[in-house]
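Remarks on the structure that follows.
Protein chains: 6
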Amino acid sequence: MSDTWLPSLLTSTPEEGFQLAVKLSRMGVKTTQPDVEVLHRLRPDYSQNADSLTAASQVVAINFQTVAAANGYWR
Amino acid sequence: MSDTWLPSLLTSTPEEGFQLAVKLSRMGVKTTQPDVEVLHRLRPDYSQNADSLTAASQVVAINFQTVAAANGYWR
Amino acid sequence: MSDTWLPSLLTSTPEEGFQLAVKLSRMGVKTTQPDVEVLHRLRPDYSQNADSLTAASQVVAINFQTVAAANGYWR
Amino acid sequence: MSDTWLPSLLTSTPEEGFQLAVKLSRMGVKTTQPDVEVLHRLRPDYSQNADSLTAASQVVAINFQTVAAANGYWR
Amino acid sequence: MSDTWLPSLLTSTPEEGFQLAVKLSRMGVKTTQPDVEVLHRLRPDYSQNADSLTAASQVVAINFQTVAAANGYWR
Amino acid sequence: MSDTWLPSLLTSTPEEGFQLAVKLSRMGVKTTQPDVEVLHRLRPDYSQNADSLTAASQVVAINFQTVAAANGYWR
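If you read the protein sequences in the order shown, they are chains L, B, R, A, Z and C.
Numbering-wise, the working numbering puts 13 at position 13 of the first sequence, and it's gapless, one number per residue.
Numbering-wise, the working numbering puts 118 at position 18 of the second sequence, and it's gapless, one number per residue.
Numbering-wise, the working numbering puts 206 at position 6 of the third sequence, and it's gapless, one number per residue.
Numbering-wise, the working numbering puts 352 at position 52 of the fourth sequence, and it's gapless, one number per residue.
Numbering-wise, the working numbering puts 443 at position 43 of the fifth sequence, and it's gapless, one number per residue.
Numbering-wise, the working numbering puts 560 at position 60 of the sixth sequence, and it's gapless, one number per residue.
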């Protein structure tokens, strides 16, 4: 199990859950473009484009819904 | 716990829940672009673009779904 | 409580719930652009652009999901 | 009750539920642009643009999620 | 009942559920543009545009959420 | 059953669930553009476009919500 990047959706805290949502979002990108060199080349442009940043935040928000539900919203 | 920006998804009121959704949306942006200088530079443009504002509102709406569910919709 | 714009997600009817979803969508815009003058200036353009109107309707739809769930779908 | 456009989210059949989702999507547009003349003027363009049609279908899909859940998926 | 295109959200298998999600997505397009001639004319362009294809897949994904929930995820 | 690409939404692990979400996203594309030649021709462009990659990740995130729910979040 240790060789998986996603052993569980459970996290100790909401903040760790948010970080997991970020990780899921990035893995969603990597399944389409696995070449890290290319991803690094793209970063300067989109990370300075407001609409690209909003779109990235939206993917994190969708993944955070999943992680939060999995954790019973850490209640 | 005091050094986390997201100690809990629970809030006292719906309005505080909405503010938390706004915060989650901004943190989604900051994970991609942590440089506050850059973010401030981008703001004049996108905050005067209707489509960018609608997109920002959409991310808040998605995060508000999560926060509202976590709080049992404050019923 | 009277000084909050969002005292509750509960509404008497589905139609009032839809109006609340519209309100939530607009508040999502106002958190990014609080200047009402600017918002009024933007309106003529995007309110005559079909894609902008569809995007606005989408945000309302997402917020309506939240409000409808909060109200047990008014069953 | 007869003077409301949304008396209930309940419908007799899935197909009627889908039509209600379409209605909700159009009302989402009308809250931003209530002028029917303008809406008719916009129609020829976006109804012949594939991406606009896909976006419209997406809003219907989101509203259909709400209507279907309200109706217990007509099981 | 035989004259409805959507008699039920229930399907025998997940794959049939996915096909129903595709059908729902297309019906969402047809409610805006019922002219099949126009739809056929648009197809060559958007079916060779990666972003249009991704957008179409997103609508299917949203409708598949609804169909899968309706079927108790075929567990 | 062996001749179906989607026998079940159930997977052994979260990581396999994520891969299934990727598969669902690609099948959503293939229902619109079944010609694999065309899809391969499109790949170099969109896989080097940050916004296209974010959009692809978003579709995966939506499908992952479905798969995760189907699996009880692998708790």
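We put the CB at the ideal spot given by N, CA and C, even for glycine.
- Using Cβ-Cβ distances below 7 Å, what residues of the segment 116-131 of chain B are close to chain R? F118 and V122
- Taking Cβ-Cβ distances shorter than 8 Å, what residues in chain R pair up with A/Q333? S247, Q248 and L253
- Query: Using a C-beta to C-beta distance shorter than 8 Å, which residues of chain L count as neighbours of B/V138?
  - Reply: S47 and Q48
- Query: Does the beta carbon of Z/A468 come closer than 7 Å to any beta carbon on chain C?
  - Reply: yes
- Excluding five sequence neighbours on each side, which residues of the same chain lie with their C-beta closer than 6 Å to the C-beta of B/A156? none
- Task: Look at the alpha carbon of A/F364 and the alpha carbon of Z/T431, and state the distance between them as a whole number of angstroms.
- Result: 13 Å
- Query: So which residues on chain Z does C/S508 lean against when the C-beta distance must stay under 8 Å?
  - Reply: P414 and W474
- Message: Looking at R/Q260: is its Cβ nearer than 7 Å to the Cβ of R/V222?
- Response: For the sequence presented, residue 260 of chain R should be read as Val rather than Gln. Cβ atoms of R/V260 and R/V222: closer than 7 Å.
- Partners in chain C for L/T4, counting only beta-carbon separations shorter than 7 Å: T513 and E515
- Query: Which residue comes first and which comes last in the alpha helix (DSSP H) that contains R/G228?
  - Reply: P214 to T232
- Task: Please determine, among L/A68, L/L9 and L/R41, the residue with the shortest C-alpha to C-alpha distance to C/F518.
- Result: L/L9
- Task: Provide the residue span of the alpha helix (DSSP H) that contains A/S352, from first to last.
- Result: A350 to A370
- Task: Could you round the C-beta distance between L/V33 and C/L553 to whole angstroms and report it? I think they count as a contact, below 8 Å.
- Result: Looking at the sequence shown, residue 33 of chain L is not Val but Gln. Right, their Cβ atoms sit about 6 Å apart.
- Item | Beta-carbon spacing of B/E115, R/T204 below 7 Å | yes
- Query: If you compare alpha carbons, which of Z/S412, Z/S425, Z/L439 and Z/T413 is closest to A/Q348?
  - Reply: Z/L439
- Message: Quick check on the burial criterion: 16 or more other C-beta atoms within 10 angstroms. Buried or exposed for C/R575?
- Response: exposed
- Message: the ligand PLP and L/A21: does any heavy atom of the ligand fall closer than 6 Å to the residue's C-beta?
- Response: Of ligands this structure carries none, so the ligand PLP is not represented either.
- Message: Helix, strand or coil for C/R575? Go by DSSP, reduced to three states.
- Response: coil
- When you compare only the Cα positions, how much space is there between R/G272 and Z/Y473? 22 Å
- Whole-angstrom distance between Z/L442 and A/Y346, CA atom to CA atom: 12 Å
- Could you spell out where the alpha helix (DSSP H) holding R/D245 opens and where it closes? V236 to Y246
- Query: Can you tell me the Cα-Cα spacing of R/A269 and C/P544, whole angstroms?
  - Reply: 42 Å
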